[in-house]
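One structure is given below, encoded as structure tokens.
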Amino acid sequence: MDLKSKTIEAVSINTIRAFAMDAVQKANSGHPGTPMSMAPVAYTIYTKFLRHNPDNPDWRDRDRFVLSAGHASMLQYALLHLTGYDLTMEDIKNFRQWESRTPGHPEHFLTPGVETTTGPLGQGFANGVGMALAERFLAGRYNRIGHEVVNHHIYAICSDGDLMEGVAQEAASIAGQNSLGKLVYIYDDNRITIDGTTALSFDQEDKGKRFEALGWHVQRVGDPEDLEALEEALTNARDEEERPSLVIVRSHIAYPAPHAQDTAAAHGSALGEDEVRLAKEAMGFDPDEHFYVADEVYEHMNMIGRGRELEEEWNGRFAAWREDFPELAEEWERAWSGRPEPGYEEKLPRWDPEDTEKLATRKAGAAAMSAFENYTPTMIGGAADLVNSTSTAFKGGGMFSSTHVGRNIAWGVREHGMGSCVNGIAVHGGMVRPYGSTFLIFSDYMRPAVRLSALMGIPVAWVYTHDSVGLGEDGPTHQPVEHYMTLRAIPNMTVIRPADPNETSMAWRLTLEAEGPVAMLLTRQNVPVLDPEAAKGALRGAYTLAGSGEPDAILIGTGSEVAVALEARDLLADRGVSARVVSMPSWEVFEKQDRGYKDSVLPPSVETRVSVEAGVTLGWERYVGFKGASVGIERFGASAPGETVLNELGINPENVANKALELLGRSERVGESEGTPAVEDTAPEEGHS
Ligand SMILES: Cc1ncc(C[n+]2csc(CCOP(=O)(O)OP(=O)(O)O)c2C)c(N)n1
Ligand SMILES: [Mg+2]
10 MDLKSKTIEA VSINTIRAFA MDAVQKANSG HPGTPMSMAP VAYTIYTKFL
60 RHNPDNPDWR DRDRFVLSAG HASMLQYALL HLTGYDLTME DIKNFRQWES
110 RTPGHPEHFL TPGVETTTGP LGQGFANGVG MALAERFLAG RYNRIGHEVV
160 NHHIYAICSD GDLMEGVAQE AASIAGQNSL GKLVYIYDDN RITIDGTTAL
210 SFDQEDKGKR FEALGWHVQR VGDPEDLEAL EEALTNARDE EERPSLVIVR
260 SHIAYPAPHA QDTAAAHGSA LGEDEVRLAK EAMGFDPDEH FYVADEVYEH
310 MNMIGRGREL EEEWNGRFAA WREDFPELAE EWERAWSGRP EPGYEEKLPR
360 WDPEDTEKLA TRKAGAAAMS AFENYTPTMI GGAADLVNST STAFKGGGMF
410 SSTHVGRNIA WGVREHGMGS CVNGIAVHGG MVRPYGSTFL IFSDYMRPAV
460 RLSALMGIPV AWVYTHDSVG LGEDGPTHQP VEHYMTLRAI PNMTVIRPAD
510 PNETSMAWRL TLEAEGPVAM LLTRQNVPVL DPEAAKGALR GAYTLAGSGE
560 PDAILIGTGS EVAVALEARD LLADRGVSAR VVSMPSWEVF EKQDRGYKDS
610 VLPPSVETRV SVEAGVTLGW ERYVGFKGAS VGIERFGASA PGETVLNELG
660 INPENVANKA LELLGRSERV GESEGTPAVE DTAPEEGHS
């Protein structure tokens, strides 16, 4: 493409560039270089490939576009504005300002047309893979011969940083394994990152060969200005159905700014007034014009007419399908509303303590999943190579593979990729609460995705088992201690740690009803079964499990430590101290209750309070107050049978009872030998040390 050409294509592309320069200059903050050099790519995708309707960004069968290199957000904002989305010139001028709809990095739900929140490199790449999994699943479930209601592509632009990040590698491997041919990814091979040229850090690796080895279809375009070559490559990529596609585009950051081009500085700093002038002059633009859009450009780039036509055509196909398959269509609507089929609550399992003395909550979780399986037909997910340990599977759901659309995804040992793919499935829509599962300790390996699920407020379930040092012999590398609190520390995240099988059923109910993400923490070891009626209190986050009237002390436990608190209560009763036991599976759910309820569970007048939880105590002051105490673990765990580790680290009834006696100013102490361990050892599992 001749830079100064007056063709409408050239002027449109240069308008995107000028926009990016002006917006970054005005905010004196942002990333101008990549929007400038990738303008032809984004222009081509948005105007010639993407089947979207700017008038209805929620059209269900639209193609998705992900800007994985989220720092180049002005590129996406420019395209959204110019193609006719509800993003005004005012919005563009407010780039990066308080409460604007054009934040520093693209944010889902904030800006119409932004499919996912990107910025942490690699995440968008992996989200797109999740979207392709969702597309494949929905197509498999709802398309019928002669009726195609799901058929769309996922386009993404990714950068050097995206490809360097491990999470993208994991997701690319998942995409190759499952033959996700709907992926059309463009890699911006500009050979520049923040610290300088990629010769420093990223030029030994042949990225094309790497992706080929992962099962991708790889093409190269030597110059993004060559629109014909670009179009041809994108056409091939779109038409390739078996393999995910990567188009490697050799670009020059900040092109055509004469001095900024090919420099790392152009990545993240305003170019400066003088350089902006020179770049505009090079493009044949008036350097004194800012945020200038010729009417012809608006006219040429507006995609509303085309988008409406595409959607109308789909609406026709959809109506015919709905007429032929009314029941399926009803299910489809519910799935898109994110709701399980009605009536699932009654199916959730109940355990009677008379029949079942003890059961691990992970096993209870498995029973709950079996019970609601048929009520959540588009819920898919899986574990990161630990499904036999986490017990998270839909037994009748089949496996997802390149040839079969099952509900169980074998993520492999790829927690990072799993987390980000689950987010992608959720933001795609139509999928009721996708989930990812592993040991709680490995939540660290997917924390960026967990955090983003909370930032986006999307309906996902993170199911973490082996939730304490009680897991035993695997030792401190596998024993979470800080994890309950670090998960609770994430705004918008609901953490639920049920005490027993009956609370686990309630935990799943809370999870299926929750608006945002939920982390469910389940035990490996057996725990005593509580009264199923009482356990319904879990739906309010915390409740009085034992004790009536105003007690001398309140013992607050979560998860497996509720049983410890119950035993401590008995020890205290023997000494004439009345204690109430509060089971508190979820801080966040409890916080949502009204003041009256909260005060009824934790009466302000009772200041003698002891919390017990097998993790760091930082934060428990919120509920025990400054006159209370916390029994927890302020160190890493140890390799030994779970019962021994818990006992040695002080997670036992005697310790809890003694803390209460101490707070009450009583001199006597409960002897070590008096209590029976609340935790029962579980033999090491087959196939897992
Ligand atoms: C996980 C993560 N680490 C670091 C950053 C900070 N950061 C933003 S862009 C970038 C690299 C820029 O190089 P590249 O990805 O090639 O983008 P380009 O400048 O070429 O557009 C870095 C390190 C980030 N956004 N995400
Ligand atoms: Mg780069």
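Numbering follows this note's numbering, in which position 558 of the sequence shown is assigned residue number 567; successive positions increment by one, without gaps.
Glycine included, every Cβ here is placed at the ideal spot set by N, Cα and C.
This structure is a prediction, so every number in the text was calculated from the model and none was measured.
> How many Å lie between residue 657 and residue 651 at the Cα?
Replying inline: 10 Å
>> Could you compute how far the alpha carbon of residue 403 sits from the alpha carbon of residue 93?
In response: Taking the straight line joining both Cα atoms gives about 42 Å.
> Does the beta carbon of residue 244 fall short of 7 Å from some heavy atom of ligand 1?
Replying inline: no
> Do you know offhand how far residue 132's Cα is from residue 636's?
Replying inline: 44 Å
>> I need the boundaries of the beta strand (DSSP E) containing residue 537, first residue and last residue.
In response: If you look at residue 537, you'll find it in the beta strand (DSSP E) that goes 535 to 537.
> Taking the Cβ atom as the reference point for each residue, do residue 166 and residue 273 lie within a distance shorter than 8 Å?
Replying inline: no
> So does the segment 147 to 155 actually touch the segment 212 to 223, counting three or more Cβ pairs closer than 8 Å?
Replying inline: no
> So what does DSSP say about residue 683, is it helix, strand or coil?
Replying inline: Low confidence applies to residue 683: its pLDDT is 47, below 50, so where it sits in the model is not reliable, and the reading given next is rough at best. Coil, per DSSP.
> Using the C-alpha atoms, what's the distance from residue 250 back to residue 413?
Replying inline: 15 Å
> Anyone know if the C-beta pair for residue 428 and residue 400 falls short of 8 Å?
Replying inline: no
>> Would the segment 53 to 66 count as touching the segment 274 to 286 if we require 3 or more Cβ pairs under 8 Å?
In response: no
>> Nearer than 7 Å: is that true of the beta carbon of residue 210 relative to any heavy atom of ligand 1?
In response: False, no ligand heavy atom lies under 7 Å from that Cβ.
>> Let me check one thing: in DSSP terms, what residues is residue 167 bridge-paired to?
In response: 196
> Helix or strand or just coil, what does DSSP make of residue 448?
Replying inline: strand
> What do you reckon, is the C-beta of residue 7 under 7 Å from a heavy atom of ligand 2?
Replying inline: The structure shown does not extend to residue 7, since the chain spans only 10 to 698, so no value can be given for it.
> Going by alpha carbons, who is nearest to residue 595 out of 77, 501, 531, 551?
Replying inline: 551
>> Can you tell me whether residue 471 is buried or exposed? The criterion is at least 16 other CB atoms within 10 Å of its CB, across all chains shown.
In response: buried
> So does the segment 73 to 80 actually touch the segment 118 to 133, counting three or more Cβ pairs closer than 8 Å?
Replying inline: The segment 73 to 80 is in contact with the segment 118 to 133.
> Should residue 82 be counted as a contact of ligand 2 given a C-beta to heavy atom distance under 7 Å?
Replying inline: Not a single heavy atom of ligand 2 lies less than 7 Å from the C-beta of residue 82.
> Is it buried or exposed for residue 453, if we count other Cβ within 10 angstroms and need 16 for buried?
Replying inline: exposed
> Should residue 197 be labelled buried (16 or more other beta-carbon atoms within 10 Å of its own) or exposed?
Replying inline: buried
> Which one or two residues does DSSP pair with residue 390 in a beta bridge?
Replying inline: Bridge partners of residue 390: 417, 444.
> When the distance is taken between beta carbons, is residue 441 closer than 8 Å to residue 344?
Replying inline: yes
> What distance in whole Å lies between the Cβ atoms of residue 619 and residue 668, which are believed to be in contact at a cut-off of 8 Å?
Replying inline: 5 Å
> CA-CA distance, residue 568 and residue 561?
Replying inline: Straight-line Cα distance between these residues: approximately 23 Å.
>> Taking its Cβ as the centre, do 16 or more other Cβ atoms sit within 10 Å of residue 458, making it buried, or is it exposed?
In response: With 16 or more Cβ atoms within 10 Å of its Cβ, residue 458 is classed as buried.
>> If you measure between the beta carbons of residue 263 and residue 45, is that distance less than 8 Å?
In response: yes
>> Suppose the cutoff is 6 Å on Cβ atoms and the five residues either side in sequence are ignored; what does the same chain contact list for residue 395 look like?
In response: 447
>> I'd like to know whether the C-beta atoms of residue 208 and residue 104 end up nearer to each other than 8 Å.
In response: no
> Taking the alpha-carbon positions, what's the residue 682 to residue 500 distance?
Replying inline: Interpretation of residue 682 is limited by its pLDDT of 49, a score under 50 that renders its predicted location unreliable; no figure is taken from the coordinates.
> Can you tell me where the alpha helix (DSSP H) with residue 134 in it begins and where it stops?
Replying inline: That run of the alpha helix (DSSP H) goes 132 to 151.
> What residue from 383, 424, 444, 673 has the CA that sits closest to residue 391's CA?
Replying inline: 444
> So, using beta-carbon positions, are residue 252 and residue 369 closer together than 8 Å?
Replying inline: No, these two residues do not count as a Cβ contact at 8 Å.
>> Relative to the C-alpha of residue 102, which candidate in 416, 31, 89 has its C-alpha closest?
In response: 31
> Is the distance from the Cβ of residue 407 to the Cβ of residue 417 below 8 Å?
Replying inline: A contact, by the Cβ cut-off of 8 Å.
> Counting Cβ pairs, one atom from each stretch, are 3 or more of them under 8 Å apart for the segment 359 to 369 and the segment 507 to 515?
Replying inline: yes
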